[in-house]
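My numbering puts the sequence shown at residues 30 to 278. From the three backbone atoms N, C-alpha and C, an ideal C-beta is built for every residue, glycine too.
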Amino acid sequence: MEPQEYELMFEVETAHWWYLGMEKITRAILDQWHSAKPNSTVLDAGCGTGAAMSTYLADYGDVTGIDVSPLALGFCRKRNLTSLGLASVSYIPFPPASFDLVTSFDVLYEQAVPNDLAALTEFRRVLRPNGLTLLRLPAYNWLRGQHDLTIHTARRYTVPQVTRLLEDSGFQPVRVTYANTFLFPLALAKRLLERIFPPAPASSDLSVNVGRLNGLFKHILASEAFFVSRIGLPFGLSVIALARKPQTA
Ligand SMILES: C[S@@+](CC[C@H](N)C(=O)[O-])C[C@H]1O[C@@H](n2cnc3c(N)ncnc32)[C@H](O)[C@@H]1O
30 MEPQEYELMF EVETAHWWYL GMEKITRAIL DQWHSAKPNS TVLDAGCGTG AAMSTYLADY
90 GDVTGIDVSP LALGFCRKRN LTSLGLASVS YIPFPPASFD LVTSFDVLYE QAVPNDLAAL
150 TEFRRVLRPN GLTLLRLPAY NWLRGQHDLT IHTARRYTVP QVTRLLEDSG FQPVRVTYAN
210 TFLFPLALAK RLLERIFPPA PASSDLSVNV GRLNGLFKHI LASEAFFVSR IGLPFGLSVI
270 ALARKPQTA
């Protein structure tokens with residue numbers, strides 16, 4: 030990611046509709062599938078500037094974050110997070126079977142992840158048998174926009190692709206679905222407009238101030254929590270995947 034994107038993320042992620050709505054969706058999935066035991070351990074792989082760790086992930090166990098960017102970890106420390114490691118998802122510096130849950134939100138699509146299958150194989154290695162991984166990824170290569178330039182997108186995904194990746198890395202998919210569906214038409218219109226009138230220089234979606242619509246957008250996205258966790262949605266801007274490491278792996 031471009032360095033300024035970390036600062037932007039740090040500034041907006043505790044109030045921006047997208048983060049708050051995704052928190053509701055993530056909680057709905059974890060509340061349904063991850064029964065946090067007293068000593069549950071969670072790895073947030075690609076923790077960024079630490080919002081998920083410092084807010085809701087702590088409800089699901091003792092959270093450790095790794096990120097490949099010293100800048101990101103610096104922002105995590107500003108949130109008083111200490112259980113942190115400078116490391117890549119490609120080589121996770123923990124022994125096998127160290128965690129009950131590995132989360133990775135919008136990380137595996139990045140150019141700094143040369144091989145997403147290898148990263149998932151690492152997630153499986155550090156998980157305990159029956160442990161869960163929860164992924165969030167951007168959807169559809171054809172939806173690439175200016176934002177993808179600032180965040181260094183290597184690839185965007187479909188549900189069948191993510192399902193295959195999980196199976197190829199030895200996971201049992203539990204739920205793989207699209208999300209951010211209800212606002213999809215607006216995002217599509219934005220992407221099309223960007224193609225006709227490209228903003229210069231490459232701009233980040235996070236810098237778009239939606240003002241009073243922030244609360245409305247948050248509620249619209251959050252209202253997907255039930256569908257994403259219980260049924261699945263047929264299309265959307267993100268792919269969300271929950272998968273289990275088999276007992277016998
Ligand atoms: C879009 S941000 C998402 C951050 C956070 N997970 C969130 O949801 O806010 C992507 C993060 O992945 C990190 N990242 C990229 N490649 C990585 C790699 N190979 N290993 C670990 N982290 C990586 C980036 O430094 C960045 O912090």
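I need the DSSP call for residue i, collapsed to helix, strand or coil.
i: residue 267; result: strand
i: residue 228; result: coil
i: residue 189; result: helix
i: residue 159; result: strand
i: residue 208; result: strand
i: residue 141; result: coil
i: residue 241; result: coil
i: residue 22; result: The first residue shown for the chain is 30 and the last is 278, placing residue 22 beyond what the model contains.
i: residue 179; result: helix
i: residue 167; result: strand
i: residue 152; result: helix
i: residue 272; result: strand
i: residue 110; result: coil
Going by DSSP, what residues sit across from residue i in a beta bridge?
i: residue 91; result: 70
i: residue 129; result: Residue 129 is not bridged to any residue.
i: residue 96; result: 115
i: residue 44; result: Per DSSP, none; premise fails for residue 44.
i: residue 200; result: Partner(s): none; residue 200 has no beta bridge.
i: residue 147; result: Bridge partners of residue 147: none, in fact.
i: residue 134; result: 165
i: residue 102; result: DSSP, once it has assigned bridges, lists no residue as partnering residue 102.
- request: Count the C-beta pairs between the stretch 66-73 and the stretch 83-96 that are closer than 8 Å, then say yes if the count reaches three, no if not.
  value: yes
- prompt: Using 8 Å as the Cβ pair cut-off and three pairs as the minimum, do the stretch 96-107 and the stretch 124-134 touch?
  reply: no
message: Residues around ligand 1, please: the condition is that the C-beta lies closer than 5 Å to some non-hydrogen atom of it.
response: 75, 77, 96, 97, 98, 101, 117, 118, 134, 135, 136, 139, 141 and 142
task: Could you tell me whether the stretch 45-59 touches the stretch 251-264, where touching means 3 or more Cβ pairs closer than 8 Å?
output: yes
field: At least 3 beta-carbon pairs within less than 8 Å: the stretch 163-171 vs the stretch 99-118
entry: no
task: Would you check if there are 3 or more beta carbon pairs closer than 8 Å linking the stretch 202-220 to the stretch 261-277?
output: yes
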